[in-house]
Amino acid sequence: TARRAELDQQSLDIVDFQEVSANGRETLKGVIKDFRGVPAAERPGKVGGVIKAFQGEVDALTRRAAFAENAFFAVYKALEDVPDP
44 TARRAELDQQ SLDIVDFQEV SANGRETLKG VIKDFRGVPA AERPGKVGGV
94 IKAFQGEVDA LTRRAAFAEN AFFAVYKALE DVPDP
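The numbering used here runs 43 ahead of the 1-based position in the sequence shown.
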């Protein structure tokens, strides 16, 4: 059915989001490690890149959360329409 195909696609998308999130976390850890290796005198000039990396990760996590919430509410709405046995 169409609903089953939609749920299957959503589950695949959730797995993709999980992988992207794990990769983003590793990337962010690398940015932080690199920043820590920068001499203190050069850090003010590099902090913008660190902030940008954090903002990118926050944006990605926000998209992931919004997708999961929308998927949940779609399933909830579909179950709400099912007659109570």
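Even glycine gets a Cβ: it sits at the ideal position worked out from N, Cα and C.
Checking 8 Å against the spacing of the C-beta atoms, do residue i and residue j come in under that value?
i: Val81; j: Lys89; result: yes
i: Phe78; j: Val63; result: no
i: Ala109; j: Gly67; result: no
Go ahead and pull the three-state DSSP assignment for residue i.
i: Pro87; result: helix
i: Thr105; result: helix
i: Asp127; result: coil
i: Val81; result: coil
What residues in its chain sit with their C-beta under 8 Å from that of residue i, if we drop five residues either side in the sequence?
i: Glu49; result: Ala117
i: Val74; result: Gly92, Val93, Ala96
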